[in-house]
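One structure is given below, encoded as C-alpha cells.
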Amino acid sequence: MEDTVAVEYERDGRDVVGTAAWRILEHYAEHADDDVLETITRRLPIALPDFSALAHETINVGILYENADAAAQAFGYNRLLCFPPETYISNVTLWHELGHVAIRVRHERGEDVSKTSEEYCSIFSVARMPPEAIDEDRIPYLGEPEVAREEWPRICRDALDYRDERGANSHYIKEAETRLGIAD
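Position 159 (the sequence shown) corresponds to 143 in the working numbering; numbering is contiguous.
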C-alpha cells in the first residue's frame, strides 16, 4: 500500500513545494489490526506536509516488535517508522517519529540539527503540529505543560528560534520547558 501527499509549506514559514510518499510495508499490513492500519493510513497524509524536509522522500511504515523498549521507533537513515501492529498511536507520537526522520534528512543536508536529542525532536515536532492535532497532555521527553495546548506549537517554534539565534548550547530546551510551564 503506497500513496503520496503534497508538501507545500512548513508551519514555520519556510516555503517548500514537493511531494512526499509513504508506504505501508507488507509485513506491517499483514499483522496490523484493521482499525490501527486505518488510522495510520488516514493520519500519515495529514502529518507529512508539516515536515518540509520530507518532500521528495518515501516514508516506510513497519512493525515495532514486542521486545522494543519504546511506544514507536524511527530509523531516519532508512526513512522507516515502526509502530506496534495492534496498538493505536497518538498524533503526538506520529509527529515525533516523523520528526526523527526529518531531522535525519536535514542532518544529511548539513543543517545544524540535534540528530540524537529526544528533547530536540519533541520541540521540533510539536512546533509543526496544528494545535487541533495534539491529542496528549504531555510532550514526549519534556513533560506535561501547564499552558493551553493551542500555545504549544508557538512556544516550541520560539524555542527553535532561540536555539538558532543563540546556538545549539543555548539552553533552548530549558527555555521551552519554562515557557510551557513544565516543572523540573
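Glycine is no exception: its CB is placed at the ideal position from the N, C-alpha and C atoms.
Can you list, in chain order, the residues of its chain whose CB lies under 7 Å from that of residue i, leaving out five sequence neighbours each side?
i: residue 55; result: 73 and 77
i: residue 91; result: 97 and 99
i: residue 129; result: 123, 136, 164, 165 and 166
i: residue 23; result: 72
Name the residue from the options whose alpha carbon lies nearest to the alpha carbon of residue i.
i: residue 241; options: 2, 30, 12 and 101; result: Look at the range of the chain in this structure, -15 to 168, and you will see that residue 241 is not part of it.
i: residue 16; options: 162, 4, 33 and 67; result: 67
i: residue 146; options: 2, 156 and 87; result: 156
i: residue 36; options: 79, 24, 8 and 86; result: 86
i: residue 132; options: 165, 150 and 101; result: 165
i: residue 5; options: 19, 34, 29 and 134; result: 29
i: residue 114; options: 33, 50, 10 and 25; result: 33
Do residue j and residue i count as a contact pair if the criterion is CB distance below 8 Å?
i: residue 31; j: residue 82; result: yes
i: residue 89; j: residue 65; result: no
i: residue 84; j: residue 106; result: no
i: residue 125; j: residue 102; result: yes
i: residue 2; j: residue 58; result: no
So, at 6 Å on beta carbons, what are the nonlocal neighbours of residue i in its own chain, with the 5 sequence-adjacent residues on each side left out?
i: residue 60; result: 84, 85 and 88
With DSSP as the reference, identify every bridge partner of residue i, one or two as the case may be.
i: residue 47; result: 67
Original post:
Looking at C-beta atoms only, is the number of pairs between the region 136 to 143 and the region 106 to 120 that lie closer than 8 Å three or more?
Top reply: They touch, by the three-pair rule.
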